[in-house]
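Chains as they are written, first to last, in our numbering: chain A, 1 to 191; chain G, 1001 to 1393.
Put into structure tokens, the structure is as follows:
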């Protein structure tokens, strides 16, 4: 793995994208790594497109600006594929994880992805509705990202999902999110 | 034993304040500082601190409350940003002129109008001459460490002056980073018991605060304040040494990065310094002798030490995250130029204004400044002494 991994999240306000970036940062703290998680702050409205970022590094992180050349791109809302260029600045071997019911090959064609770029898809919204009863796709997206990137073990991630959601929510919601994370990890497809 | 966590800058400052456990806080919310006091008031409600929390109706009252509580004999802190600091303006001078050791987190934000909630240094620069000590912080770790050290500096018996701890709004205040927390007990021991000096509530020894001082003595009073300011650097360095013993982290009046053998360099405050350091490493890899100086104690400004650290360079670019309307140059530039004024041999200086109202400072901006310095060092010719960068023309 490279010394530093830069991740860009694309979501819409209210989908828990910023929370996902935070949980990932917490989970990656293990093994002495340096982490950053920060959203792009604009007018915060439900449904408005937003970006969030992670940096994960074995060295001290001093850069304090948005991620411009992401190695990992997580698209939490597939409708964004039609309105913004989610591949902007992506590295040659970037990994895309897209929340969609579509096949990875279809997404690859739509993104006009380079041959070395990897495309993963996961129907995170469907999983969320089944596990939590709401279209909050952040937990399955975290599970899928964990599988696609190997940044952190599933056990570690689940621990941090438990910790993070445990502060605010009931046991039922926590269990739902844990199951959603596991299913995201298990059901993500590469193509 | 330290604890590694991933937290926002505001969360780190709030935790430092919890560990210090001040006697009184008087505060009013304003973005992006709100989060500090929101977290701190939870600590108060949950009984994690014994602080008496005064929730007031404006920042003017917030600082007034701090002034009263500090004069009464309490350890006092607050937090603000931007317009909040502006509304505190007259009380800032009362606090420093009355020699009250108040600690305030200033989460740097642009000033209105137009309304903008994002990070720049206009607020702190506007208050640079109000008699407070200012510590500036690159990241969440420095904001945490500076907050803890600020209490020791403010309350030092030779100093007794208020201290502002500056950190970049949103870029640091709302971003999560890995930092190390000290143990509660370590912080408690480090700051020590609050030492009283002429407390109003000591009714056995009555004192007056805020008397009228006419032309016959006002100037001596101000001169005395300036004398106290001149003692600050040594105290800051001593306290930094003590802090290093418990944290392992070194602090000084300013930080130099690859500067000793440098030929060109940038001077820059706060979070943008980190981004610049990464770019300096790239220039070094290409064999270009580039370095950086990042002020920490901006007031009092360590003119002699900074001038001494920069004088051997060929060309220096000072980057200001604040403009100064009607002035020729940004506020940081003016002080850097003054620090080099006494030397016959000195670098060529340029000034760039960047990042106003939260505009991103990107590696390309540091590259632009450094590439220009390479040219200046080679030819001695300067195209523009002062310009705005990262702006639409």
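Glycine is no exception: its CB is placed at the ideal position from the N, C-alpha and C atoms. For clarity, every value in this text was computed on a predicted model and none was experimentally measured.
Quick test of the definition: if touching needs 3 or more C-beta pairs under 8 Å, does the region 38-57 of chain A touch the region 163-181 of chain A?
No, the region 38-57 of chain A is not in contact with the region 163-181 of chain A.
Since residue 1271(G) meets chain A, which of its residues come closer than 8 Å, beta carbon to beta carbon?
Sequence index remark: in the second chain, residue 1271(G) carries index 271 (1-based). Going along chain A in sequence order, the residues near residue 1271(G) (Cβ under 8 Å) are 64.
Where the alpha helix (DSSP H) containing residue 185(A) begins and where it ends:
For this step, residue 185(A) is matched to residue 185 along the first chain. Where residue 185(A) is concerned, the enclosing alpha helix (DSSP H) stretches over 171-187.
Please say whether residue 1033(G) and residue 1105(G) have beta carbons closer to each other than 8 Å?
Locating residue 1105(G) in the second chain gives position 105, counting from the first residue. Locating residue 1033(G) in the second chain gives position 33, counting from the first residue. Yes, Cβ-Cβ distance for residue 1105(G) and residue 1033(G) is below 8 Å.
What alpha helix (DSSP H) runs, 4 residues minimum, are completely inside the region 1324-1352 of chain G?
Runs found: 1331-1340.
To which residues of the same chain is residue 1171(G) closer than 7 Å at the C-beta, ignoring the five residues directly before and after it?
Indexing the second chain from 1 puts residue 1171(G) at position 171. Answer for residue 1171(G): 1119 and 1271, listed in chain order.
Between which two residues does the alpha helix (DSSP H) containing residue 1318(G) stretch?
Position 318 of the second chain holds residue 1318(G). Element bounds for residue 1318(G): not the alpha helix (DSSP H) but the beta strand (DSSP E), 1315-1320.
Whole angstroms are fine: how far does the CA of residue 1109(G) sit from the CA of residue 1207(G)?
Taking the second chain and counting its residues from 1, the one referred to as residue 1207(G) is at position 207. Taking the second chain and counting its residues from 1, the one referred to as residue 1109(G) is at position 109. The alpha-carbon atoms of residue 1207(G) and residue 1109(G) are separated by roughly 38 Å.
7 Å Cβ cut-off: residues of chain A touching residue 1394(G):
The structure shown does not extend to residue 1394(G), since chain G is modelled only from 1001 to 1393, so the question has no answer here.
Just curious, the beta strand (DSSP E) that residue 1284(G) is in, first and last residue?
Along the second chain, read from residue 1 onward, the residue named residue 1284(G) stands at position 284. No beta strand (DSSP E) holds residue 1284(G); the alpha helix (DSSP H) holding it covers 1271-1285.
Assess contact between the region 151-164 of chain A and the region 98-109 of chain A, defined as three or more Cβ pairs (one per stretch) separated by less than 8 Å. Is contact present?
Segments in contact, no.
What residue ranges within the region 1073-1144 of chain G form continuous beta strand (DSSP E) runs of no fewer than 3 residues, ordered along the chain?
Restricted to the region 1073-1144 of chain G, the beta strand (DSSP E) segments that are unbroken, complete and at least 3 residues in length are 1076-1080, 1103-1108 and 1133-1136, listed in chain order.
DSSP three-state assignment for residue 1256(G), whether helix, strand or coil:
Here residue 1256(G) corresponds to residue number 256 of the second chain, with the count starting at 1. Residue state, collapsed to three classes: strand.
Taking DSSP as the reference, what is the three-state secondary structure of residue 57(A)?
Locating residue 57(A) in the first chain gives position 57, counting from the first residue. Three-state result, residue 57(A): strand.
Neighbourhood of residue 1062(G) by C-beta, 6 Å cutoff - its chain only, sequence neighbours within 5 removed:
Translated into positions along the second chain, residue 1062(G) becomes position 62. Excluding residues within five positions, the ones whose Cβ falls inside 6 Å are 1026, 1027, 1028, 1056 and 1078.
DSSP state of residue 1205(G) mapped onto helix, strand, coil:
Within the second chain, residue 1205(G) is the residue found at index 205, counting from 1. Correct three-state label for residue 1205(G): coil.
Exposure of residue 1004(G), with buried meaning 16 or more beta-carbon neighbours within 10 Å
Counting from 1 along the second chain, the entry for residue 1004(G) is found at position 4. By the neighbour-count rule (16 or more Cβ atoms within 10 Å), residue 1004(G) is not buried but exposed.
Can you find a CB in chain A that lies within less than 8 Å of the CB of residue 1170(G)?
In the second chain, counting from the first residue as 1, residue 1170(G) sits at position 170. Residue 1170(G) counts as touching chain A.
Taking Cβ positions, are residue 1389(G) and residue 1368(G) nearer each other than 8 Å?
For this step, residue 1389(G) is matched to residue 389 along the second chain. For this step, residue 1368(G) is matched to residue 368 along the second chain. Pairing residue 1389(G) with residue 1368(G) gives a Cβ-Cβ distance under 8 Å.
Would you list the one or two residues that DSSP bridges to residue 5(A)?
Sequence index remark: in the first chain, residue 5(A) carries index 5 (1-based). BP columns for residue 5(A) point to 56(A).
Taking 8 Å as the CB-CB limit, is residue 1277(G) close to chain A?
On the second chain, position 277 is the one that residue 1277(G) refers to. Interface residue, yes.
Going straight from the alpha carbon of residue 1324(G) to that of residue 1306(G), what length do you get?
As a working note, residue 1324(G) is residue 324 in the second chain. As a working note, residue 1306(G) is residue 306 in the second chain. Spanning the two alpha carbons is a distance of roughly 22 Å.
Does residue 3(A) get closer than 8 Å to chain G when you measure Cβ to Cβ?
Within the first chain, residue 3(A) is the residue found at index 3, counting from 1. No, its Cβ sits nowhere closer than 8 Å to a Cβ of chain G.
If you drop the 5 nearest sequence neighbours on each side, which residues of the same chain put their C-beta closer than 6 Å to that of residue 192(A)?
Residue numbering for chain A in the displayed model covers 1 to 191; residue 192(A) lies beyond these limits and cannot be assessed.
Residue 943(G): first and last residue of the uninterrupted alpha helix (DSSP H) it sits in:
Here chain G comprises residues numbered 1001 to 1393, so residue 943(G) is not present and cannot be evaluated.
Neighbouring residues, chain A, relative to residue 1191(G) (Cβ below 8 Å)
The residue you call residue 1191(G) lines up with position 191 of the second chain. What residue 1191(G) touches in chain A: nothing, since even the nearest Cβ is about 27 Å away.
Does the beta carbon of residue 1174(G) sit closer than 8 Å to a beta carbon anywhere in chain A?
Here residue 1174(G) refers to the residue found at position 174 of the second chain. Cβ-Cβ to chain A under 8 Å: yes for residue 1174(G).
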